[in-house]
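Novice:
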Ligand code: AMP
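Numbering (the numbering used here), first residue to last: 5 to 144.
1. Count the C-beta pairs between the stretch 43 to 62 and the stretch 101 to 117 that are closer than 8 angstroms, then say yes if the count reaches three, no if not.
2. Quick test of your reading: residue 86 and residue 114, contact by CB under 8 angstroms. State the CB separation rounded to the nearest angstrom.
3. Comparing C-alpha positions only, which one of 13, 61, 138, 89 sits nearest to residue 72?
4. Residue 15 lies in the alpha helix (DSSP H); which residues open and close that run?
5. Going by DSSP, which residues form a beta bridge with residue 114?
6. If you reduce the DSSP assignment to three classes, tell me which class residue 136 lands in.
7. Is residue 38 near ligand 1, in the sense that its beta carbon is under 7 angstroms from a heavy atom of that ligand?
8. Starting from residue 32, follow its DSSP beta bridges and name the residues at the other end.
9. Please classify residue 61 as buried or exposed, where buried requires at least 16 neighbouring CB atoms within 10 angstroms.
10. Determine the DSSP secondary structure at residue 102, reduced to helix, strand or coil.
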């Protein structure tokens with residue numbers, strides 16, 4: 005497994021640092037977040053070190069993502085939550101503190117203190133079409 009010697013999640017993946025493990029397979033590991041936003045808050049990581057989701061091979065992400073429905077359902081069941089947020093902070097500007105890709109699963113209850121803020125914006129005339137073209141070009 006390639007990894008960073010300084011990366012806390014690489015150390016968790018190799019067992020050098022302990023974690024409260026939920027499951028693992030050859031490629032990925034799920035464990036409880038040490039600073040939970042809610043009881044049952046879990047992290048799903050690839051064992052191999054990637055800093056950004058954008059660097060992750062699609063097949064690897066697919067294998068990780070395949071665990072999400074079962075992991076989320078188990079967390080909801082165990083915490084008697086009514087829903088959950090799946091979140092991935094990518095880059096310091098987006099709130100990523102640990103530079104090893106991880107997907108948060110945060111169980112939610114009515115009236116919990118986490119809140120939800122989604123400040124929807126809008127495009128000036130023509131900007132959405134322009135961006136759509138630019139992103140399609142980048143995808144090509
Ligand atoms: P992010 O801001 O998306 O990079 O989130 C990093 C998350 O990793 C935070 O929610 C931390 O509480 C969590 N975390 C950091 N170190 C550990 C650790 N040793 N074990 C479990 N979770 C950790």
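Cβ atoms here follow ideal geometry from the backbone N, Cα and C, with glycine treated the same way.
Values in this document were obtained by computation on a predicted structure and should not be read as measured data.
Specialist: The short version:
1. yes
2. Here residue 86 corresponds to residue number 82 of the chain shown, with the count starting at 1. Here residue 114 corresponds to residue number 110 of the chain shown, with the count starting at 1. Residue 86 to residue 114, Cβ: 6 angstroms. Contact.
3. Reading the chain shown from its first residue, position 68 is the one you call residue 72. The residue with the shortest Cα to Cα distance from residue 72 is 89.
4. Translated into positions along the chain shown, residue 15 becomes position 11. Here the alpha helix (DSSP H) through residue 15 covers 12 to 18.
5. As a working note, residue 114 is residue 110 in the chain shown. DSSP lists no partner for residue 114.
6. One-based indexing of the chain shown puts residue 136 at position 132. Helix.
7. As a position in the chain shown, residue 38 is number 34, starting the count at 1. Because some heavy atom of ligand 1 lies under 7 angstroms away, the Cβ of residue 38 counts as near it: yes.
8. The sequence position of residue 32 within the chain shown is 28, counting from 1. Paired residue(s): 50.
9. As a position in the chain shown, residue 61 is number 57, starting the count at 1. In the assembly as shown, residue 61 is an exposed residue. Its beta-carbon has fewer than 16 other beta-carbons within 10 Å.
10. Walking along the chain shown from the start, residue 102 turns up at place 98. Coil.
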